[in-house]
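Residues in the sequence shown are numbered consecutively from 287, following the numbering used here.
Glycine included, each C-beta is placed from N, C-alpha and C at the ideal position.
What you are looking at is a predicted structure, and each value in this text was computed from that prediction instead of being measured.
First comes the structure, then the notes that go with it.
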Amino acid sequence: MSNTDFTKEYFSMKEEHAIEYAKTVLKFFDESAELNCKEIGDGNLNYVFKVFDEKSGKSVIIKQAGPVARISDEFKLSPDRNRIESEILKIQGTLAPGLVPEVYKYDSIMNCCSMEDLSDHTILRTALLEHKEFPLLADHITTFLVNTLLLTTDVVMEHKEKKELVKTFINPELCEISEDLVYTEPFYDCERNDIFEATKAFAKELLWDDKKFILETAKLKFEFMTNAQCLIHGDLHSGSIFVAENSTKVIDPEFAFYGPAGYDIGNVVAHCIFALANGNATITEEKEKKEYISWLEETIANVIDMFKEKFNKVWEEKATERVAKYEGFKEYYLNGVLRDTAAVTGLELARRIIGLAHVKDITSIQDETKRAEAEKFCLNVAKELIMNRENMLEGKNYLELIEAFKK
Ligand code: SR1
Ligand code: MG
Numbered sequence: 287m288s289n290t291d292f293t294k295e296y297f298s299m300k301e302e303h304a305i306e307y308a309k310t311v312l313k314f315f316d317e318s319a320e321l322n323c324k325e326i327g328d329g330n331l332n333y334v335f336k337v338f339d340e341k342s343g344k345s346v347i348i349k350q351a352g353p354v355a356r357i358s359d360e361f362k363l364s365p366d367r368n369r370i371e372s373e374i375l376k377i378q379g380t381l382a383p384g385l386v387p388e389v390y391k392y393d394s395i396m397n398c399c400s401m402e403d404l405s406d407h408t409i410l411r412t413a414l415l416e417h418k419e420f421p422l423l424a425d426h427i428t429t430f431l432v433n434t435l436l437l438t439t440d441v442v443m444e445h446k447e448k449k450e451l452v453k454t455f456i457n458p459e460l461c462e463i464s465e466d467l468v469y470t471e472p473f474y475d476c477e478r479n480d481i482f483e484a485t486k487a488f489a490k491e492l493l494w495d496d497k498k499f500i501l502e503t504a505k506l507k508f509e510f511m512t513n514a515q516c517l518i519h520g521d522l523h524s525g526s527i528f529v530a531e532n533s534t535k536v537i538d539p540e541f542a543f544y545g546p547a548g549y550d551i552g553n554v555v556a557h558c559i560f561a562l563a564n565g566n567a568t569i570t571e572e573k574e575k576k577e578y579i580s581w582l583e584e585t586i587a588n589v590i591d592m593f594k595e596k597f598n599k600v601w602e603e604k605a606t607e608r609v610a611k612y613e614g615f616k617e618y619y620l621n622g623v624l625r626d627t628a629a630v631t632g633l634e635l636a637r638r639i640i641g642l643a644h645v646k647d648i649t650s651i652q653d654e655t656k657r658a659e660a661e662k663f664c665l666n667v668a669k670e671l672i673m674n675r676e677n678m679l680e681g682k683n684y685l686e687l688i689e690a691f692k693k
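Now the structure itself:
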């Protein structure tokens, strides 16, 4: 091993370093442990090591942030994202107990954090690609959303305390990634876009050539950059959610900052729609397809409707701001969150089809005609959601849209 001093300066860890780190810095295992390590990261930015003891079955995760993104050196990123991730996980663990992994240690020299291993769970996207159902998902994720979002707004928090959190979670480089990849590049013929040949002409006609539509994306970009509403996860797609039969855990909040609540809710909905597009394109057995799509539709509608129900309840119990209690304000505020949710669902659907970062739900569709159909479906739904965002106030509105474009 070339370098094992973890106390002086940062270096990029290999599996053997992670073992050494777990032993000597975390002191996580017994002396007699027989340690092994696997790098299991499949995200775009970081390296994730699972260190485990073959004998006792005990294990720990060490996640390290490098100075550039794993996906491409083009993205130079502050490793401060690792601090942000560990700090927000602790806050979210308090606000939404049981719905995030436990963080053991943040190390500002090695830019890594160590946390609970969730190997008894599966990444939601992986499970959805196998067309598995999770009846408790909507309930769990809406509890997470309402608690982490509403409880960090000015409606509930003392305003100076909230502003301290705004400072703590200032995240310029990761926000820039979203500003570029979600709000800008997908809406013109940008070089960095990665678009399926069969979809390009359709995207041009449907989106790029429509000036009214393009103007809406500009308004939404400024909403994202300027609305410091609450402490959002910032990247809540189905690769950031772990599931087991009776458990849901949200991971990877390194894109966190004070932004619009709808950004998180919209991400959850968009990735359920990707799963639906996948199921529709790839399940051949009719009964199985119907059942799976019904569960996804129910989940999409429930995410919106359960969010509203829990939001109203928590607002009544926890709002402290005097003017927030004026008649009609809660409805005004919630409608704004739902409007942003619809818009972000649309933006996310569009950017994962047109932009640089794709989703397996779509790219794994082998039949090219079916893939093109799935992509067009996502883009059609995306445009409607963005243009008609003021009217997307209930779960059933999403189902009507899905129905209108589903083949
Ligand atoms: C350069 S990072 C590309 C994407 O991966 C992350 O998970 C975010 O979604 C980001 O937009
Ligand atoms: Mg991530």
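Which term fits residue i, buried or exposed, when burial requires 16 or more other beta carbons within 10 angstroms of its beta carbon?
| i | result |
| --- | --- |
| K498 | exposed |
| D393 | buried |
| R608 | exposed |
| D626 | buried |
| N457 | buried |
| Y612 | exposed |
| I500 | exposed |
| L422 | exposed |
| Y696 | The question about residue 696 has no answer here: the residues shown for the chain are numbered 287 through 693. |
| F508 | exposed |
| G632 | buried |
| T438 | buried |
| H426 | buried |
| S345 | buried |
| S298 | exposed |
| K349 | buried |
| K505 | exposed |
Rounded C-beta distance between residue i and residue j? I'm assuming under 8 Å.
| i | j | result |
| --- | --- | --- |
| I231 | I559 | An answer regarding residue 231 cannot be provided, because it is not within the stretch 287 to 693 covered by the chain. |
| D647 | L415 | 7 Å |
| P389 | C399 | Sequence inspection shows Val at residue 389; the Pro mentioned does not correspond to that position. Confirmed, about 6 Å. |
| E295 | I395 | 7 Å |
| I590 | G681 | 4 Å |
| V452 | A514 | 5 Å |
| W601 | V441 | 7 Å |
| A629 | I672 | 5 Å |
| L312 | K391 | 6 Å |
| T429 | K596 | 7 Å |
| L665 | L522 | With a Cβ gap of about 21 Å, L665 and L522 do not count as contacting. |
| N621 | L562 | In fact, because the Cβ distance is near 25 Å, the residues do not count as touching under 8 Å. |
Using the three-state DSSP reduction, which class does residue i fall into: helix, strand or coil?
| i | result |
| --- | --- |
| N322 | strand |
| Q350 | strand |
| E402 | strand |
| A530 | strand |
| T408 | strand |
| K775 | With the chain represented from 287 up to 693, any question about residue 775 goes unanswered, as that position is not in the structure. |
| D647 | helix |
| L435 | helix |
| K391 | strand |
| I518 | strand |
| F482 | coil |
| V386 | coil |
| G327 | coil |
| D496 | coil |
| D475 | coil |
| K300 | coil |
Nearest chain B C-beta to residue i closer than 9 Å, yes or no?
| i | result |
| --- | --- |
| E444 | Among the chains in the structure shown there is no chain B, since it carries only a single protein chain. |
Q | Cβ contact (3+ pairs, closer than 8 Å) linking the segment 658-670 and the segment 478-486 | A | The segment 658-670 makes contact with the segment 478-486, as at least three CB pairs between them are under 8 Å.
Q | Three CB pairs or more closer than 8 Å across the segment 352-364 and the segment 378-388 | A | Below 8 Å, too few C-beta pairs join the segment 352-364 and the segment 378-388 to call them touching: fewer than three.
Q: Decide if the segment 450-470 is in contact with the segment 536-556; the criterion is three or more beta carbon pairs, one per stretch, under 8 Å apart.
A: With the rule of 3 Cβ pairs closer than 8 Å, the segment 450-470 counts as touching the segment 536-556.
(Q) Does the segment 461-481 come into contact with the segment 634-641, if we say contact requires no fewer than three beta-carbon pairs (one atom in each stretch) closer than 8 Å? (A) Between the segment 461-481 and the segment 634-641, the count of Cβ pairs shorter than 8 Å is three or higher; the stretches touch.
Q. At which residue ranges does the segment 612-657 contain complete alpha helix (DSSP H) runs of 4 or more residues, listed in the order of the chain?
A. Runs of the alpha helix (DSSP H) lying entirely within the segment 612-657 and spanning at least 4 residues, in chain order: 615-640, 646-649.
Q. Using 8 Å as the threshold, is the segment 336-343 in touch with the segment 521-528, meaning 3 or more CB pairs across them?
A. Segments in contact, no.
Q.
List, from N- to C-terminal side, the beta strand (DSSP E) runs of 3 residues or more that fit wholly inside the segment 549-604.
A. Given a length threshold of 3 residues, the segment 549-604 has no whole run of the beta strand (DSSP E) inside it.
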